Each structure stands twice: as C-alpha cells, then as structure tokens.
Amino acid sequence: MNQVPHHIAVVMDGNGRWAAKRCLPRVAGHKQGVVSLRRCVKACAQRGVGVLTVFAFSSENWSRPIEEVSGLMSLFAMALAREVPRLQADGVRMHFVGERLGLSERLVAGIEGAERATASNSRLILNICFNYGGRWDIVQAAKKVAAQGIAMNETTLNAAMAMAHVADPDLVIRTGAELRISNFLLWQSAYSELYFSERLWPEFDEAELDLAIQSFGRRERRFGKTSDQLSTHADLSALD
Ligand code: IPE
Ligand code: IPE
Ligand code: MG
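Note that the sequence shown covers residues 855 to 1094 in the working numbering.
Following this line, the structure appears as structure tokens:
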C-alpha cells in the first residue's frame, strides 16, 4: 500500500534553468512554474495529501536582478487574482507564510483577500512561503515569545512559529537537482524525509510526485528510536 504523507513541502527550484534551456527570459520559467504548481496542487488533493507547503520567494531572493524581482512580484499578484477562484472551487484553503512588511500594498491586499476567500475550505491547506526564510521565522517567533514574557522552550517557540497552524512536514521535496535546503523550514523539517528530484520545477509532474510519495513509503521514520522499538510497537497495536 502506498502511504501518503499528510504534509508535503516543496522547494520549487529550476524555473530559471528551464527558461534558459529554451532561450527564454527567466520570468518565462517562473510563469511555467505557476502552471506546474497548479498541477501539483490538484495532484496532492486527489491523492489525499492534507497540507502542501511551497517555497515561492525566499528572503534571499531580493538579491536577484531588479527585473527578475519585479517580474516575480507582478507574476505573483497576477497569479493570485487568476488562481484564487479555481482554488476556491477545489476546496483549497490558502495561507501565506512570510514577512509582509516590504511587500507592496497591492500584493498584501491580494494575499489577505485570498486568505479570506478560502478560509472555510478544508480539502487541502496550501501554504505559500513568500518573502520567507527559516531563520526569519525562528527570530520572529523568539521575539514574540520574549514580548509575551513567557518561558522560552520548544513548545512556546513552536507555537509562535509562522507554520504553527499545521503539523511539521512529513516529506520535503526539492526539485532542480540541488542538494540543499536554502533556508526553507529549518525548524519544522527536523524530522522530515527528504527527496531530491532531478526535474526542474516546471517539469515536475504527477508521475514524479508519485515517485517521491513511493520513496516516502519505503522510509522508516524512527524519530530517534531503534527499528526494533518501532516493530514492537506495531506488533502491540495490531493486538488492539
Ligand atoms: C526557483 O527557480 C524559483 C524562485 C527562486 C523564485 P529559480 O529561479 O531559482 O531557477 P534556477 O535555480 O535559477 O534554475
Ligand atoms: C530556493 O531556491 C528558493 C525558492 C525556491 C523560492 P533558490 O534558487 O533561491 O536557492 P539557491 O540560491 O540556489 O540556494
Ligand atoms: Mg534556483
């Protein structure tokens, strides 16, 4: 049987290379990336995934050439307007995770509108990490806990994180053949299974998603325990 992860997180990497291979501007790759994201959301919902978290723009991506950054900002605003009705119809609830300070008013209005419009949906939660960095999240959470004057521990810090509304990711996928995390979900991926795909993000399709899910199904998640402890527990629960 294929065990489907409850929460899948994806570093959608490789749009620029996809465009360069076709002698297109990098922004054309990002546009194709939106098409790929639409396909991935649909496929996850069909497979019974409960939460999909995607990395759309990192805190560090501001250092890209100005044309690319502004191209990404307008594409994001356009995609928001176009995709929300479809996501709404498909029962997808959207959350935007990241620093909103520094984003344009138009973008923040679009983000808030999308969150409001989809707030009562429950088929799939879609977290879009935008102007997000794992280090930013840890620091903002620590500041919140300090301001509340409560004890600083794993529970209080976790509750203050920007992803506190969902369980930690079971599977983190990175496309684009790079073997790194690039400041994504540093806190939350402590025990996630990792899957690195050679595909560039615009080429990431249902079959590749299924390969990642199959690979996840073959992993033994020990969370620090031994393999024997896990099988003993499984034997005991079979008796219930
Ligand atoms: C990922 O694709 C999308 C964003 C960072 C916004 P890239 O733009 O990093 O594509 P490559 O890695 O240059 O191919
Ligand atoms: C990670 O990709 C960020 C997103 C996918 C949004 P990058 O392309 O920015 O990562 P690096 O710079 O290669 O590590
Ligand atoms: Mg990249």
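For every residue, glycine included, the Cβ atom is placed at its ideal position computed from N, Cα and C.
No experiment lies behind these values; they were computed from the predicted model shown.
Please list the terminal residues of the continuous beta strand (DSSP E) segment that includes Met948. Boundaries of the beta strand (DSSP E) around Met948: 946 to 951.
Closer than 6 Å from C-beta to any heavy atom of ligand 2: which residues, in chain order? That gives Val865, Met866, Asp867, Phe909, Ala910, Phe911, Ser912, Asn915, Glu1032, Arg1034, Ser1036.
Just how far apart, CA to CA, sit Gly967 and Leu961? Using only the alpha carbons, I get a separation of about 10 Å.
Considering only the alpha carbon of each residue, which of Asp1082, Glu1062, Asn985 lies closest to Ala1016? Among Asp1082, Glu1062, Asn985, the Cα nearest to that of Ala1016 is on Asn985.
Cys877 - DSSP class collapsed to helix/strand/coil: In the structure shown, Cys877 sits in coil (DSSP, three-state: anything other than H, G, I, E or B).
Taking 6 Å as the limit between beta carbons, can you name the residues of its chain near Leu934, skipping five residues before and five after? Cβ neighbours of Leu934 beyond the five flanking positions: Gly964, Ala968.
I want to check one thing, is the minimum distance from the CB of Leu1065 to the heavy atoms of ligand 1 below 8 Å? Ligand 1 never approaches Leu1065 closely enough for any of its heavy atoms to be under 8 Å from the residue's Cβ.
Could you check whether the stretch 910 to 918 touches the stretch 981 to 996, counting it as contact only if at least three pairs of C-beta atoms, one from each stretch, sit closer than 8 Å? Look at the beta carbons and you see the stretch 910 to 918 touching the stretch 981 to 996: at least three pairs across the two are nearer than 8 Å.
For Thr1009, which residues does DSSP report across the bridge? Thr1009 is not bridged to any residue.
Residues in its own chain within less than 7 Å of Glu1052 by CB, not counting five upstream and five downstream? Result list for Glu1052: Ala1031, in chain order.
Applying the criterion that 16 or more other CB atoms from any shown protein chain within 10 Å of the CB defines a buried residue, is Met855 buried or exposed? Unreliable placement is indicated for Met855, whose pLDDT of 47 sits below 50; no coordinate value is reported for it.
Might you give, ordered along the chain, the residues of its own chain that have their beta carbon closer than 6 Å to the beta carbon of Arg901, omitting 5 neighbours on each side? So the qualifying residues of the chain are Val858.
Identify whether Glu1047 lies in helix, strand or coil by the three-state DSSP scheme. Here Glu1047 sits in strand by DSSP.
Please confirm whether Val865 and Ile1067 have their CB atoms less than 9 Å apart. Taking a C-beta distance under 9 Å as the contact criterion, Val865 and Ile1067 do not qualify as a contact pair.
So does Leu1054 have its beta carbon nearer than 8 Å to some heavy atom of ligand 1? Within the cutoff, so yes.
Is the distance from the Cβ of Val946 to the Cβ of Val895 below 9 Å? Taking 9 Å as the Cβ cut-off, Val946 and Val895 qualify as a contacting pair.
Rounded Cβ spacing between Leu929 and Val881 (contact assumed at less than 8 Å): Leu929 to Val881, Cβ: 7 Å. Contact.
For Asp1022, tell me which candidate among Ser1036, Tyr1045, Val889, Trp1055 has the shortest Cα-Cα distance. With distances taken between Cα atoms, Asp1022 lies closest to Tyr1045.
In whole angstroms, what separates the C-alpha of Pro879 from that of Gln1002? A straight line joining the alpha-carbon of Pro879 with that of Gln1002 spans about 47 Å.
With hydrogens ignored, establish whether the beta-carbon of Leu1030 is closer than 8 Å to any heavy atom of ligand 1. For the record, residue 1030 in the displayed sequence is Gly; it is not Leu. Checking the Cβ of Gly1030 against ligand 1 gives yes.
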